[in-house]
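Visitor: My questions all concern the structure below.
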Amino acid sequence: MLIENNSNKNSRSAAFVAYVIKRLKKDNAFGAALRRADNPDTEIQGWEYLVSWCDLDNTIERTCFATVAAGLARAKQSIDTPSSIGSAIARSYKDGNQDDSAKRKLRHLLACNTGVEACHWVRPLLRLAESRGVRINFGLLLNDLLYFSPKVKERWAMDFYGRKEDKDDSLDA
Amino acid sequence: MDNKFNLVDEKWIPIANYGLVSLADVFSQSHFIALGGNPIQKIALTKLLLAIAQAAYTPEDDEDWIHIGTQGMAEKALSYLKKKKDCFWLYGVKPFLQMPSIVKATKQSYGAVSASVATGNTTVLVQSQIEQNLTDAEKAILIVELCNFALGGKKTDNSIVLSPGYTEKSNEKGKSSAGKPGPALGFMGFLHNFLIGESILESLWFNLIPKNQIISAPHLTKGIGIAPWEGMPQGEDCEKAKELKTTYLGRLVPLCRFVLLANDGLHYSEGIFYPGYAQGGFDLSTGVDFSTAKARVLWVDTEKRPWRQLTSLLAFLANEKKGSFDCYQLRFGLSRVRNTQCKLGIWSGGLCVSSNAGEQYASGTDDFVESEFFLETAWLGESWFLQLKSEMAIIESLAKNVYGSTMGFYKHQFAEGKDQATQAANLFWQLAEQHFQELINACGSDTAESLRPKYAQIALKAYDTYCPKNTARQLDAWAANRPQLGKYFSKVTS
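These protein sequence lines map, in sequence, to chains A and B. Under the numbering used here, the first residue of the first sequence carries the number 1, and numbering increases by one thereafter. Under the numbering used here, the first residue of the second sequence carries the number 174, and numbering increases by one thereafter.
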């Protein structure tokens with residue numbers, strides 16, 4: 001049951017990202033509206049596209065979808081890559097995970113307690129990644145923001161240091 | 174003094190999950206599984222029971238050993254006890270393993286000579302450390318324990334010398350010196366190893382050493398010898414005392430202390446001085462290495478549990494001579510038992526003690542340790558051993574990884590993390606110990622690799638326990654230093 005729920009969550013985020021990427025190619029108005037979706041003063045312009053994907057009354061959902069949609073619209077990615085936000089921060093700097101600025105940015109992200117709070121830190125990070133030509137897995141990012149938890153933060157930190165997650169979730173010992 | 178409390182008939186030997194039994198009971202009932210008491214009592218009693226069995230009948234060789242069997246050994250020991258019953262009075266004219274002539278030595282309380290009792294200005298931490306009045310049964314155990322595990326120090330009244338001209342009990346200035354540690358204890362506490370079977374009788378039979386093997390031990394030049402209770406020595410350096418130093422029975426029941434029970438304590442002085450491992454003298458149940466220029470011995474280490482020493486002790490299975498320890502008891506025993514039995518165990522244990530200026534005591538992290546595990550004799554061979562050795566090396570590297578990663582976690586935050594790293598590695602070893610029997614079995618069935626993910630998970634758990642990730646800075650350090658053990662997880666699936 002849990003697996004089914006997780007796959008539903010994943011498929012919703014993945015489907016949204018796939019839809020945005022596809023439509024961005026042929027609809028300039030769509031892209032222009034989404035680029036403004038992460039600004040509180042102009043976010044209303046993107047609502048008509050987001051309404052079919054999320055509950056606009058739900059601040060968490062709306063903010064997460066808007067942040068990711070705006071990021072996607074700016075990045076102009078043709079496909080969704082496997083690179084997560086953690087590794088994207090490291091790859092945005094020359095010294096990678098040894099760069100002090102990169103470490104600071106990661107810590108800001110790790111200090112967040114909610115998905116909405118994380119969105120505020122993610123927004124400039126997406127712009128940074130875009131400017132450095134680093135691609136991001138937006139589907140995964142949306143999912144992480146929607147279902148923000150300590151586990152998500154652990155994964156971001158591990159991705160930042162290029163460490164693979166081992167099968168350590170269940171230990172009967 | 175009247176003969177009182179005969180050890181053959183009175184109940185004094187603790188049996189696990191049963192209670193107290195007599196010597197006759199031990200050899201007449203085959204359903205007792207294991208001895209009770211603390212590890213040093215178990216070792217001392219095992220050596221005493223073994224000495225009785227060896228004194229009753231020592232097989233000529235392996236064939237004779239198989240021929241006699243558990244039942245035969247028990248019968249011979251019983252008839253020996255019946256015949257020599259007069260040697261086993263705890264009180265009387267010839268008290269068991271005591272020296273009436275030492276009566277002039279200063280009396281010590283029972284607690285003063287026991288490692289687990291707090292006396293003097295020592296802090297009492299738990300109820301069991303409080304000195305208590307002993308029953309006759311407990312006094313009997315204390316006597317046997319003192320023979321092997323007497324603590325070195327000033328508790329012995331060495332002003333009383335029974336052998337005229339004997340100088341070992343005094344220093345260069347002629348004043349009485351501190352008592353030396355018991356031969357089974359040594360400087361820091363030797364680790365003892367015995368084979369165990371499915372009952373006490375079977376365990377004794379496994380450990381029974383035939384004559385031809387006894388004489389192959391370099392320090393037992395006089396062979397099996399005569400049990401000390403059959404004829405106690407007159408002093409520290411008499412002919413009998415000299416003989417006891419070089420015989421197997423003398424080494425099984427050493428008289429390193431001359432004692433005499435009194436109403437409210439015991440007269441206590443140093444007894445025969447047995448040569449230590451540096452001089453070539455050692456208990457067959459300890460692990461020794463004479464291949465190097467300076468002899469080495471396996472000590473009890475509370476940080477390093479006995480099961481971790483197994484590969485050192487069983488090195489003879491792969492004919493590894495150089496740089497590895499040799500435990501005669503296991504080597505002799507396994508070579509015999511592997512042809513007869515299908516399941517046997519190895520028990521290891523001892524007491525870790527501290528030494529300061531000749532005074533020994535159990536303090537700080539000193540403690541008793543013991544561990545036991547079972548294996549099938551069919552596995553006993555080079556391939557099983559090499560597999561176990563390689564898996565143990567992997568576990569060792571995982572422990573190092575946990576230590577290094579935990580250190581890294583604290584260094585990342587500019588903090589001192591040595592203590593936490595040590596504790597994390599200790600936790601890893603403690604958790605890993607729970608699966609050691611499983612590992613032994615897996616090595617026997619060639620599936621040892623299947624346990625690697627389990628040990629890798631334990632390593633991650635140990636790291637996570639000592640490396641918190643509550644704040645952003647901690648989470649950062651945690652992710653940066655977490656052990657990368659993917660290869661241990663992927664090995665099985667590939």
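C-beta atoms are modelled at their ideal positions from N, C-alpha and C, and glycine is treated no differently. As the structure is a computational prediction, the values presented were derived from the model and not from experiment.
In whole angstroms, what is the alpha-carbon distance linking Pro-641/B and Pro-150/A?
Guide: A straight-line Cα-Cα distance of about 12 Å links Pro-641/B and Pro-150/A.
Visitor: Could you tell me the alpha carbon to alpha carbon distance between Arg-469/B and Val-461/B, rounded to whole angstroms?
Guide: 6 Å
Visitor: Might you give, ordered along the chain, the residues of its own chain that have their beta carbon closer than 7 Å to the beta carbon of Asn-380/B, omitting 5 neighbours on each side?
Guide: Closer than 7 Å at the Cβ level, and outside the excluded window around Asn-380/B, lie Leu-223, Phe-367, Leu-368, Gln-502 and Gly-506.
Visitor: Within 8 Å, do at least three Cβ pairs link the region 535 to 548 of chain B to the region 382 to 394 of chain B?
Guide: The region 382 to 394 of chain B makes no contact with the region 535 to 548 of chain B, as fewer than three CB pairs between them are under 8 Å.
Visitor: If we ignore side chains and look at the alpha-carbon of each, how far apart do Leu-146/A and Thr-67/A end up?
Guide: 11 Å
Visitor: I'd like the span of the beta strand (DSSP E) that includes Asn-179/B, first residue to last.
Guide: 177 to 179
Visitor: Whole beta strand (DSSP E) runs in the region 594 to 646 of chain B with 3 or more residues, listed along the chain?
Guide: none
Visitor: If you pair each beta-carbon of the region 70 to 82 of chain A with each one of the region 127 to 138 of chain A, do three or more pairs fall below 8 Å?
Guide: Of all C-beta pairs linking the region 70 to 82 of chain A to the region 127 to 138 of chain A, three or more are shorter than 8 Å, placing the two stretches in contact.
Visitor: Whose CA, out of Val-290/B, Asp-437/B, Glu-236/B and Gly-423/B, lies closest to the CA of Ser-168/B?
Guide: Only positions 174 to 667 of chain B appear in this structure, which leaves residue 168/B out of reach.
Visitor: Quick one: does Phe-65/A have its CB under 8 Å from some CB of chain B?
Guide: By this cut-off, Phe-65/A is not an interface position.
Visitor: Could you please give me the residues that DSSP links to Thr-716/B through a beta bridge?
Guide: In the structure as shown, chain B starts at 174 and stops at 667, and residue 716/B therefore has no counterpart that could be examined.
Visitor: Closest to Asn-306/B by C-alpha separation, out of Gly-438/B, Glu-412/B, Asn-654/B and Thr-475/B, would be which residue?
Guide: Nearest of Gly-438/B, Glu-412/B, Asn-654/B and Thr-475/B to Asn-306/B, Cα basis: Gly-438/B.
Visitor: When you compare the CB positions of Val-473/B and Gly-362/B, do they come within less than 8 Å of one another, or not?
Guide: yes
Visitor: Using C-beta distances below 6 Å, list every residue in its chain close to Ile-188/B, excluding the 5 sequence neighbours before and after it, in chain order.
Guide: Val-194, Phe-205 and Gly-209
Visitor: Give the residues of chain B in contact with Tyr-174/A, contact being defined as C-beta atoms less than 8 Å apart.
Guide: The structure shown has nothing for residue 174/A, since chain A only spans 1 to 173.
Visitor: Lys-256/B: which of Val-181/B, Thr-296/B and Arg-424/B sits nearest, CA to CA?
Guide: Val-181/B
Visitor: The alpha helix (DSSP H) with His-240/B in it runs from where to where?
Guide: 235 to 256
Visitor: By alpha-carbon positions, which one of Ile-225/B, Trp-602/B and Asn-599/B ends up nearest to Ala-197/B?
Guide: Ile-225/B
Visitor: Along chain B, which residues have their Cβ under 7 Å away from the Cβ of Leu-106/A?
Guide: Asp-649
Visitor: Rounded to whole angstroms, what's the CA-CA distance from Lys-447/B to Cys-429/B? Just pull it up for me.
Guide: In the sequence as displayed, the identity of residue 447/B is Tyr instead of Lys. Those two C-alpha atoms are separated by around 7 Å.
Visitor: Run down chain B in chain order and give the residues with a C-beta less than 8 Å from the C-beta of Glu-154/A.
Guide: Lys-642, Leu-648, Trp-651 and Ala-652
Visitor: Give me the chain A residues within the contact set of Gly-284/B, using Cβ-Cβ distance strictly less than 9 Å, ordered along the chain.
Guide: Per Cβ cutoff of 9 Å: no residues; Gly-284/B is ~40 Å from chain A at best.
Visitor: If you drop the 5 nearest sequence neighbours on each side, which residues of the same chain put their C-beta closer than 6 Å to that of Ala-88/A?
Guide: Excluding residues within five positions, the ones whose Cβ falls inside 6 Å are Ala-129, Val-134 and Ile-136.
Visitor: Would you mind stating whether Ala-310/B and Lys-177/B have Cβ atoms separated by less than 8 Å?
Guide: no
Visitor: Straight-line CA distance for Ala-159/B to Thr-579/B?
Guide: Beyond the ends of chain B as shown, which are 174 and 667, falls residue 159/B; an answer cannot be given.
Visitor: Mind checking whether Cys-260/B and Trp-402/B have CB atoms under 8 Å apart?
Guide: A contact, by the Cβ cut-off of 8 Å.
Visitor: Among Gln-586/B, Ala-605/B, Thr-620/B and Gln-603/B, whose alpha-carbon lies nearest the alpha-carbon of Val-103/A?
Guide: The residue asked about is misnamed: residue 103/A is Lys in this sequence, not Val. Minimum Cα distance to Lys-103/A is reached at Gln-586/B.
Visitor: Would you report the Cα separation of Gly-192/B and Gly-518/B, rounded to the nearest angstrom?
Guide: 23 Å
Visitor: Is the shortest distance between the beta-carbon of Arg-163/A and the beta-carbons of chain B less than 8 Å?
Guide: yes
Visitor: What does the alpha-carbon distance come out to for the pair Pro-273/B and Val-266/B?
Guide: Looking at the backbone, the Cα of Pro-273/B and that of Val-266/B are separated by about 8 Å.
Visitor: Could you give the distance in angstroms between the alpha-carbon of Asp-649/B and the alpha-carbon of Leu-109/A?
Guide: 10 Å
Visitor: Can you tell me where the alpha helix (DSSP H) with Val-199/B in it begins and where it stops?
Guide: 196 to 201
Visitor: The region 100 to 128 of chain A: which residues have C-beta closer than 9 Å to a C-beta of chain B, in chain order?
Guide: Lys-103, Leu-106, Arg-107, His-108, Leu-109, Leu-110, Ala-111 and Cys-112
Visitor: Under 8 Å between C-beta atoms, does Arg-655/B make it to chain A?
Guide: So, interface residue.
Visitor: Looking at chain B, is there any beta carbon in it that lies within less than 8 Å of the beta carbon of Ala-157/A?
Guide: Yes - at least one Cβ of chain B is within 8 Å of the one on Ala-157/A.
Visitor: Check Asp-649/B in the structure and name its three-state DSSP category.
Guide: Helix, per DSSP.
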